[in-house]
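Notes follow once the structure below has been shown.
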Amino acid sequence: MLIIFRPDATPADRARALGLIESLGLGHRTLEVPPRTILAVLDGTGRVDPARFGGLPGVEAVIPLNRPYRMVAREWRPEATVVRLPGGITVGGRDLFIVAGPCAVESEEQLLATARAVKAAGAVALRGGAFKPRTSPYSFQGLGEEGLGLLARARKETGLLLVTEALDEAGLEQVARTADLIQIGARNMQNYALLKRAGRSGKPVLLKRGPTASLNDWLMAAEYVLSEGNPDVILCERGIRGQDGSGRVLFDLNAVAAVKLLTHLPVMADPSHGTGKRSLVPAAARAATAAGADGLIIEVHVNPEAALSDGVQSLYPEQFELLMGEIRGIAAAIGRGVAGK
Ligand code: PEP
Ligand code: MN
Numbered sequence: 016m017l018i019i020f021r022p023d024a025t026p027a028d029r030a031r032a033l034g035l036i037e038s039l040g041l042g043h044r045t046l047e048v049p050p051r052t053i054l055a056v057l058d059g060t061g062r063v064d065p066a067r068f069g070g071l072p073g074v075e076a077v078i079p080l081n082r083p084y085r086m087v088a089r090e091w092r093p094e095a096t097v098v099r100l101p102g103g104i105t106v107g108g109r110d111l112f113i114v115a116g117p118c119a120v121e122s123e124e125q126l127l128a129t130a131r132a133v134k135a136a137g138a139v140a141l142r143g144g145a146f147k148p149r150t151s152p153y154s155f156q157g158l159g160e161e162g163l164g165l166l167a168r169a170r171k172e173t174g175l176l177l178v179t180e181a182l183d184e185a186g187l188e189q190v191a192r193t194a195d196l197i198q199i200g201a202r203n204m205q206n207y208a209l210l211k212r213a214g215r216s217g218k219p220v221l222l223k224r225g226p227t228a229s230l231n232d233w234l235m236a237a238e239y240v241l242s243e244g245n246p247d248v249i250l251c252e253r254g255i256r257g258q259d260g261s262g263r264v265l266f267d268l269n270a271v272a273a274v275k276l277l278t279h280l281p282v283m284a285d286p287s288h289g290t291g292k293r294s295l296v297p298a299a300a301r302a303a304t305a306a307g308a309d310g311l312i313i314e315v316h317v318n319p320e321a322a323l324s325d326g327v328q329s330l331y332p333e334q335f336e337l338l339m340g341e342i343r344g345i346a347a348a349i350g351r352g353v354a355g356k
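So the sequence shown is numbered by my numbering: it starts at 16 and just counts up by one.
Below, the structure written as structure tokens:
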């Protein structure tokens, strides 16, 4: 890190900062750039918090040079992580991983009909929450264990892989027994106890970005999972909160490209929660593909008008089928394919 002193910093101010550096066992170099003095601190461990120096008398600014995360960083592992799922499906390689299905598992009929439709359109995985994080405690909370059973039945019948959410630590093992990929939802992105548990689950994790999370917050959350021994984390951009007070979701595709420069982990995109409106989902899905997303997770429902959650952003099966054709075209144009037949 670089510690930049104010022009009026006193010798005592500089001595205080130097004392702290030496007490931490760190090396340093002094640069005189009149009217300022700059201390370059040699912190090979990256474990010293730059904030410790920010409040010292006479210090104008502290510029961290190390990234706060380690295992998720490109510097740690220059080659892309390819997450391997059952059936030879990979995420983070050449082919895009397409997940589709309802927001929530509602009934056997709804789930199986939707599963068949998304499979026929070319998805390789089925999404559907058995445990739903809802803004209101009075909204449908999911079918719980029964929902997991229905998901397993849909997988058996269609061969689709399963992506479903673990809401809390207590339920994580149960979800891990059924899911091929455990979703950690946006609201839970900074639930560190849940992240640590997911790090010990033995199953790959789909880590959605929190609606107010910076890229740094998101990557630090992924670091929790990796640091517990689970290298199989897939990041997922799902829209962030706008600043204009309108409640409109901002689908941050810029983040997909930016985060791929910072990390070796695969990055997916969720155009359904990323836009919140059915009419915007196909355009956002095409754009995410073009932006370099390694996969898409899209809400599709056979009867969205009757959906118990997120019907307004769920595609009709025929819209999803059309979109799959467009995704294939865009993927081909950028030298990629789509997983599955
Ligand atoms: C979902 O996938 O239905 C969901 C609740 O997603 P998020 O956590 O991104 O809001
Ligand atoms: Mn949803």
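Don't be surprised by glycine CBs; every beta carbon is placed ideally from N, CA and C.
- If you ignore the 5 residues before and after GLY186, its C-beta comes within less than 8 Å of the C-beta of PHE146, all in its own chain and listed in chain order.
- Taking a contact as a CB-CB distance under 8 Å, the pair SER324 and ALA119 counts as one, their CB atoms being some 5 Å apart.
- In this structure, the straight-line span from the alpha carbon of ILE345 to that of THR304 is close to 7 Å.
- Around the beta carbon of TYR207, fewer than 16 other beta carbons lie within 10 angstroms, which makes this residue exposed.
- Under the three-state reduction of DSSP, LEU46 is assigned to strand.
- Every alpha helix (DSSP H) stretch that sits fully inside the region 85 to 137 and reaches 4 residues is listed by chain position as 123 to 136.
- Shown here for ALA272: same chain residues with a beta carbon closer than 8 Å to its own, the five before and five after excluded, namely ALA306, GLY307 in chain order.
- Straight through space, the alpha carbons of LEU54 and LEU35 are spaced by roughly 12 Å.
- Of all residues, those with a beta-carbon under 5 Å from at least one heavy atom of ligand 1 are CYS118, GLY200, ALA201, LYS223, ARG253, HIS288, reported in chain order.
- By the Cβ criterion, the region 54 to 72 is not in contact with the region 244 to 259, since fewer than three pairs of Cβ atoms, one from each stretch, lie closer than 8 Å.
- In this chain, the alpha helix (DSSP H) harbouring THR193 covers 184 to 193.
- When the Cα atoms are used, ALA27 and GLY73 turn out to be separated by approximately 9 Å.
- Per DSSP, GLN258 lies in no alpha helix (DSSP H) segment and is marked neither H nor E.
- In this structure, ILE19 sits near ARG51, with a CB-CB distance shorter than 9 Å.
- Scanning GLY143, PRO22, PRO117 for the CA closest to the CA of GLU47 turns up PRO22.
- Not a single heavy atom of ligand 2 lies less than 8 Å from the C-beta of GLY225.
- Counting every other CB atom within 10 Å of its CB across the protein chains shown gives GLY289 a total of 16 or more, marking it as buried.
- Put simply, the backbone Cα of LEU141 is about 9 Å away from that of LEU126.
- Apart from sequence neighbours up to five positions away, the residues of its chain that approach VAL248 with a beta-carbon distance below 6 Å are VAL220, LEU222, ALA237, VAL240, LEU280, ordered along the chain.
- Excluding residues up to 5 positions away in sequence, VAL98, PHE112, ILE249, PRO281, ASP309, GLY310 lie with their Cβ nearer than 6 Å to the Cβ of VAL106 in the same chain.
- Going by beta carbons, ARG301 and GLY137 fall outside the 9 Å limit.
- Distance from the Cα of GLY108 is smallest, within the candidate group LEU100, GLY116, ALA115, ALA95, for ALA95.
- Straight across, the Cα-Cα distance linking GLU333 with LYS134 is about 12 Å.
- A distance below 9 Å separates the beta carbons of ALA194 and THR179.
- DSSP places LYS147 in the coil class of the three-state scheme, outside both helix and strand.
- Annotation for GLY350: no residue places its beta carbon closer than 6 Å to its own, counting only its chain and skipping 5 residues before and after.
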